[in-house]
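Shown next, in structure tokens, is the structure this report addresses.
2 protein chains.
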Amino acid sequence: MKVRLADIAREAAVSEATVSRVLNGKPGVTEETRRLVVSVAARLGRDTSSVYAHGEDIVGILAPDLTNPIFPQMISAIDDELAARGMSSMIVARAFSVERERDALESLVAAGACGLIVLSGHHANALSPVDHYRLLLERGVRLAYINGRRENLSGTFISVDETYAVSAAVEHLAALGHRSVGLAVGDEHTYPVREKTRAFNELIERGNTVAKQIAFTDFSHEGGFQAALELVRRGCTGILCGSDVMALGVIEGAASMGLSVPNDISVVGFDDIAFGRYTSPALTTIRQPVPVIARAAVNAVIATDSEDRRAPRADILVRPELVVRGSTAPPAC
Amino acid sequence: MKVRLADIAREAAVSEATVSRVLNGKPGVTEETRRLVVSVAARLGRDTSSVYAHGEDIVGILAPDLTNPIFPQMISAIDDELAARGMSSMIVARAFSVERERDALESLVAAGACGLIVLSGHHANALSPVDHYRLLLERGVRLAYINGRRENLSGTFISVDETYAVSAAVEHLAALGHRSVGLAVGDEHTYPVREKTRAFNELIERGNTVAKQIAFTDFSHEGGFQAALELVRRGCTGILCGSDVMALGVIEGAASMGLSVPNDISVVGFDDIAFGRYTSPALTTIRQPVPVIARAAVNAVIATDSEDRRAPRADILVRPELVVRGSTAPPAC
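Protein chains in written order, with the numbering used here: chain A, 1 to 333; chain B, 1001 to 1333.
Listed below in structure tokens is the structure:
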């Protein structure tokens, strides 16, 4: 169903001729009106991706790994935000080493990116150097970092409130009757793991009656499998995971020991990947507010004031949400 | 576990000094030896992604939509192939209109891409113009197109054998006892849909005793849901889908009519996304041979002979595989 010019014109309170000029990339329209029309047209479902001339308004995205669906979900949400502004993205994945990350970011800037959004990059690893970000910032490139935080570095940091996330998950498991809860996470030098373990330890120390165990493996399916073997052996009946992909590995690890989820072991994921509601059992998880994160990241890297492109330091903390499905239940005994 | 220089040297039959020079990007090594060492090092598990200087050897990838996991799986397999050659990729997603696709491909070339891999792009749509590919080919850019075919266009076309795929799925359903089988697919102007419907119709006409129904919706979850309502109403007990994402929609559509999979309705997906084995029920599906497709695409766009970069026309047909899991069973009555 094609959205008509008249609908867009009425909604944006401009003439049909103006809508036509904007959608066909013609001059004679102020930038303010152009953005208004593009935003209304996109909201009504019209494809606005060809409004702007090519090469303009590209944002670079760095992603660690596209096979974990949370990263494609983040990228798609960022692309939605960009499309509503007549912009688009260029993506580099799996630039794992610091050198590759630096080269990838330089390539994106060379390709015309006005700003860069870094998903779980080296900014999130306490042991990694960050000079390659500083060099970009000094050249006026805007940077937004998702799920990681570093002191003494400019740019906009957008992170999930891990304290709230861990608290919501542990309280859910405790309310179901679990008395020994495990945390399954990856590399302890990364920001989300440090924050989750800090929050987990503080929560238990604050008089919570639940016993705690932590397994550090990695954020993969295999990492979840290994963590399940370790945490179940240490007596846990409820397991909070650092990702939904890990949670699927925990379910398989439990099954390999003859235990079923949620009858014997309860599992809480993290991310809320789209497939979590189709798994068997459907995943109880902590939902990252992906659209909110994407909007904050795009707003941070779009230069709104061309005279001062050096972004100051900004920290944005977004609150996740507990989504209860089928992978949690009262413990068997 | 770090792979030692000595292991790589022994395996590649070169000195440790040579391995060190290659892995640190130092000169004094022939390109042939460099590629050998990189390939052996990558096979042994060493990160070789920083071997080559930045900006060199980038391949551009165009993907329609990252939220369908088959595309991230394809991209990751392509990145694996590129990493083994010391190369990397730059990706643009969701360039849906012809204009956006053209602009995205131009941006990738401007960013230094020596070759372009197009996943399910406008080459696959019989109604779309393809002059933007011709202009790139004339400038010496190498192009590989995945899952689509167009006459009178140069480059390498890599497609799944849809005739084999449809035949394997229908025979599986017929062997289980299904007598009325439906095909749920997207836009009939795209190559995979045209090929599937042609194969489906021919198969039935060749005396197969199974009755056929086709629903044209779209390749999304919602498209699957709608197709289920339509095909079940028309009496189908087995449904072959154009994608696994559609298959998940078919399962939900059947559930909305009070029918369960596989007890009342059998469902066969297409793609074999990684999450298909965790769904409830686990998906019986047609597996695209992703690593084979990725290797063929990378080989096609890497310039091996700098004097003749104009690739001729090449057609590669790859055979998929039926993977039987829990979403198919004998019909209820």
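A virtual CB, placed ideally from N, CA and C, is assigned to each residue, including glycine.
Asked                                                                                                                                     : Found
Within-9 Å CB hit, residue 260/A to chain B                                                                                               : no
Assigned secondary structure, residue 295/A (DSSP; H/G/I helix, E/B strand, else coil)                                                    : helix
CB contact flag (residue 1196/B, residue 1162/B, <9 Å)                                                                                    : yes
Minimum Cβ-Cβ distance from residue 1066/B to chain A less than 9 Å                                                                       : yes
Within-9 Å CB hit, residue 1100/B to chain A                                                                                              : yes
Residue 37/A versus residue 1102/B: straight-line alpha-carbon distance, rounded                                                          : 24 Å
Helix, strand or coil at residue 1043/B according to DSSP, with G and I counted as helix                                                  : helix
CB contact check: residue 96/A to chain B, cutoff 9 Å                                                                                     : yes
Reduced DSSP secondary structure (H/G/I, E/B, other) of residue 1226/B                                                                    : helix
Residue(s) in a DSSP beta bridge with residue 1284/B                                                                                      : 1268/B
CB contact check: residue 1288/B to chain A, cutoff 9 Å                                                                                   : no
Enclosing alpha helix (DSSP H) for residue 1191/B [first to last residue]                                                                 : 1191-1205
Residue 142/A classed as buried or exposed, judged by whether at least 16 other C-beta atoms fall within 10 angstroms                     : buried
Residue 1156/B: first and last residue of the uninterrupted beta strand (DSSP E) it sits in                                               : 1155-1160
Under the three-state DSSP convention, the category residue 279/A falls into                                                              : strand
Residues that residue 3/A contacts on chain B, provided the C-beta gap is smaller than 7 Å                                                : Result: empty, since nearest Cβ-Cβ is about 14 Å, beyond 7 Å.
Distance between residue 1314/B and residue 1112/B (C-alpha atoms, nearest Å)                                                             : 24 Å
Paired residues, beta bridge with residue 125/A - DSSP                                                                                    : 190/A
Best match in 228/A, 275/A, 268/A for proximity to residue 256/A [C-alpha to C-alpha]                                                     : 228/A
Whether residue 268/A touches residue 322/A by CB criterion (9 Å)                                                                         : yes
Contacts around residue 1054/B, its chain only, beta-carbon distance under 7 Å, and the 5 residues preceding and following it disregarded : Low confidence applies here, because residue 1054/B scores a pLDDT of 39, under 50, leaving its location unreliable; read the following figure in that light. So no residue of the chain qualifies.
Chain B within 9 Å of residue 418/A, Cβ atoms only                                                                                        : No statement about residue 418/A is possible, as the shown extent of chain A runs from 1 to 333 and does not include it.
Contact set for residue 331/A: own chain, Cβ-Cβ below 6 Å, skip 5 residues either direction                                               : 177, 178, 237
6 Å CB neighbourhood of residue 1319/B in its chain, flanking five on each side removed                                                   : 1161, 1164
C-beta atoms of residue 1166/B and residue 1240/B nearer than 9 Å                                                                         : yes
Under 7 Å by beta carbon: chain B residues contacting residue 248/A                                                                       : 1278
Chain-ordered chain A contacts of residue 1072/B [CB-CB under 7 Å]                                                                        : 66, 67, 72
Among 1094/B, 1285/B, 1275/B, nearest to residue 75/A - alpha-carbon criterion                                                            : 1094/B
Proximity of residue 130/A and residue 107/A at Cβ, strictly below 9 Å                                                                    : no
Straight-line Cα distance separating residue 64/A from residue 117/A                                                                      : 12 Å
Residue 258/A versus residue 251/A - alpha carbon distance                                                                                : 11 Å
Beta-bridge partners of residue 1185/B, as assigned by DSSP                                                                               : 1216/B
Ranges of the alpha helix (DSSP H) found wholly within the stretch 75-112 of chain A, counting only runs of at least 4                    : 98-110
N- and C-terminal bounds of the beta strand (DSSP E) containing residue 1013/B                                                            : Taken as a continuous stretch (DSSP letters only), residue 1013/B belongs to no beta strand (DSSP E), as it is neither H nor E.
Member of 155/A, 119/A, 138/A, 210/A whose CA lies at the smallest distance from the CA of residue 191/A                                  : 119/A
Contacts around residue 305/A, its chain only, beta-carbon distance under 6 Å, and the 5 residues preceding and following it disregarded  : Only weak support exists for where residue 305/A lies, its pLDDT of 48 falling under 50; the coordinates are left without a value.
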